[in-house]
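Read through the structure below, which is laid out as structure tokens, and then see the notes.
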Amino acid sequence: GISPSEVTIVAKEIIRLHNEQHVPFEDITLLVSSRTRNDAIFHTFNQYGIPLVADGGQQNYLKSVEVMVMLDTLRTINNPRNDYALVALLRSPMFAFDEDELTRPALQHGDDKEADCLYDKLERACI
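Note that this note's numbering has the sequence shown beginning at 103, numbered continuously upward.
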């Protein structure tokens, strides 16, 4: 879980953003790994006057499309040669590539032994 000192740091940053940069509270989201044991968050946010709405839904936000796209984006940035992350990202609503668009560069450069991954094949297709 998150420690009370970490919650205090987060609360102070939220107050700073709200007061100095005029970020509305409703534009700020705090994602936590568990729906339980968040008493420190509720207590500290209440102390600082930060309104808090806990999502009581059963859907795991980590499996939402938006979060999955962001995770695949970060995975692709970290390692562009990770075919799983790159294909997931290109197939996502952000890019909406279809199978034909993804297959074409692979087929065009299928005999290219230096281009072992989709990223290399896409890079060669753009040259």
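Glycine included, every Cβ here is placed at the ideal spot set by N, Cα and C.
For residue 150, no alpha helix (DSSP H) encloses it, and the DSSP letter there is neither H nor E. Contact check for residue 147 against residue 113 passes: the beta carbons are separated by less than 9 Å. The alpha helix (DSSP H) runs of length 4 or more contained entirely in the region 167-196 are, from start to end of the chain, 167-180, 185-193. Contact check for residue 185 against residue 228 fails: the beta carbons are separated by 9 Å or more.
DSSP, reduced to helix, strand and coil, places residue 199 outside both helices and strands of the structure shown, so it counts as coil. In the structure shown, residue 141 falls within a helical segment according to DSSP collapsed to helix, strand and coil. Between residue 111 and residue 142, the C-beta gap is not smaller than 9 Å, which leaves the two residues out of contact.
In the three-state reduction of the DSSP assignment, residue 123 falls in the coil class, being assigned neither a helical nor a strand state. Closest option to residue 133, judged by alpha-carbon separation, among 166, 149, 178, 117: 166. In this structure, 172 is the residue among 183, 129, 172 with its C-alpha nearest to the C-alpha of residue 195.
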